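Everything on this sheet refers to the single structure shown next.
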C-alpha cells in the first residue's frame with residue numbers, strides 16, 4: 001500500500017490492516033461494469049468493507065462501448081450498482097465524474113439520479129485544506145482525442161489481453177498460484193506504454209498547475225499511483241479490472257492507495273491459520 005500526505009513521506013502503517021474501514025473519502029474508477037473483465041465481486045467486497053463520507057466515481061464505471069457491442073450484465077454487476085445506491089440512501093455523498101467509456105452520462109452533468117450527483121469534473125478539498133481537481137483523464141489521452149477509431153481498436157486488443165489473462169489465471173488457480181495480471185505486466189514492460197504513462201502524468205500535472213490547485217485525482221490509464229510531481233499531488237486510483245485499487249482520504253487528509261487484491265490475499269492466508277485448533 002502506498003500512502004503520502006503530500007508533500008510528506010509515506011505513512012508507516014495502513015488503517016486497512018483491518019477488514020472494516022472508515023475513511024473520509026473514497027475514489028474509484030475504471031470498473032468497466034458490463035464487461036467480462038470487470039472484477040465486480042472484489043469491488044463489492046471492498047464496498048461492503050468501507051464506510052466514507054464521500055464516494056467519488058471517477059469515470060468508466062459502466063462500459064458503454066462494450067455494452068453497445070454485446071450485452072453482458074451478470075448479477076454481480078447489478079449488486080455493485082445497488083450497493084452504491086444504498087450508500088447514497090444512507091447518507092454517503094456520491095459524485096459521478098463520467099469517463100470516455102460512460103461518456104453518455106456527461107450530457108446529464110449538473111443533475112442527480114438516485115442521490116448520485118453527475119459532474120464533468122470538480123474540486124475536492126481534503127481535511128488538511130488541499131484542493132484536488134477530480135477528473136477522469138481521457139481529455140489528456142491523445143489517442144482518445146485525435147483518433148477515436150484507433151482508441152476502439154486498442155480497446156479491442158485490451159479485451160483480448162483480458163480474455164487471455166482469464167485463461168492463464170484459471171490454469172494458475174488449478175496449481176494453487178495467486179492471481180497475476182498479464183495485461184498489467186505487458187503495460188509496465190512495454191517501453192512505449194511506460195512512456196505514455198509518464199507523459200500522461202506530466203500533462204495532467206501541468207493542467208493542475210494552470211488551474212491553481214494543489215493536485216489532481218484521476219483514473220483512465222489503469223495504473224494506480226500516488227506521488228508528488230513538481231510540488232503537486234498526482235493521484236491515480238487505478239482500476240477494478242487489473243489491479244483492484246482505490247484511493248482513500250483518511251480523516252486527517254492523508255491519501256493512500258489501497259491494493260484490495262493484496263488485502264484479499266492476506267485474508268486468504270489468515271483463514272487457514274484461524275481454522276487451526278488453538279492451544280489449551
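Numbering (full-length UniProt numbering), first residue to last: 1 to 280. All C-beta atoms in this analysis are idealised placements derived from N, C-alpha and C, irrespective of residue type, glycine included. Owing to the predicted nature of the structure, the values given are computational and were not obtained by experimental measurement.
Where DSSP assigns a beta bridge to residue 22, which residues make up the other side?
-> 51
Looking at C-beta atoms only, is the number of pairs between the stretch 83-91 and the stretch 123-132 that lie closer than 8 Å three or more?
-> no
Would you call the stretch 251-259 and the stretch 28-43 touching, i.e. three or more CB-CB distances under 8 Å?
-> no
Contact between the stretch 234-253 and the stretch 204-218 (3+ Cβ pairs under 8 Å) = yes
Should residue 133 be labelled buried (16 or more other beta-carbon atoms within 10 Å of its own) or exposed?
-> buried
Can you give me the Cβ contacts of residue 229 inside the same chain, cut-off strictly under 6 Å, excluding the 5 residues immediately before and after it?
-> 205
Could you check how far apart the C-beta atoms of residue 76 and residue 40 are, in whole angstroms? I think they sit under 8 Å.
-> 4 Å
State the start and end residues of the unbroken beta strand (DSSP E) segment that holds residue 94.
-> 93-96
Residue 57 and residue 96: beta carbons closer than 7 Å?
-> yes
List in chain order: all unbroken beta strand (DSSP E) runs of 3+ residues lying wholly within the stretch 212-265.
-> 215-218, 225-229, 232-236, 245-249 and 255-259
Where residue 116 falls, given that 16 or more other Cβ within 10 Å makes a residue buried = buried
Per DSSP, which residues does residue 122 bridge with? Please list them.
-> 134
Taking C-beta to C-beta, are residue 119 and residue 109 nearer than 7 Å?
-> yes
Under 7 Å Cβ to Cβ from residue 34, same chain only, skipping five residues before and after it: list those, please.
-> 62, 63, 66, 67, 72, 73 and 77
Would you mind working out which of 231, 232 and 247 sits nearest residue 224, comparing C-alpha positions?
-> 247
Got a sec? Which residues, its chain only, sit under 6 Å from residue 54 by beta carbon, not counting five neighbours each side?
-> 25 and 93
6 Å Cβ shell around residue 244 - same chain, five flanking residues per side excluded = 39, 42, 260 and 261
In whole angstroms, what is the alpha-carbon distance linking residue 98 and residue 208?
-> 19 Å
How should residue 113 be labelled, buried or exposed, when 16 other C-beta atoms within 10 angstroms of its C-beta is the threshold for buried?
-> exposed
How would you write the range of the alpha helix (DSSP H) that residue 33 sits in, first residue to last?
-> Looking at the DSSP string, residue 33 is not in any alpha helix (DSSP H), and its letter there is neither H nor E.
Residue 112, DSSP secondary structure in three states | strand
Contact check, residue 44 vs residue 83 under 8 Å by CB: the rounded distance?
-> 6 Å
Contact under 7 Å by Cβ, residue 52 with residue 23 = yes
Residue burial classification, residue 263 (beta-carbon count within 10 angstroms, cutoff 16) | buried
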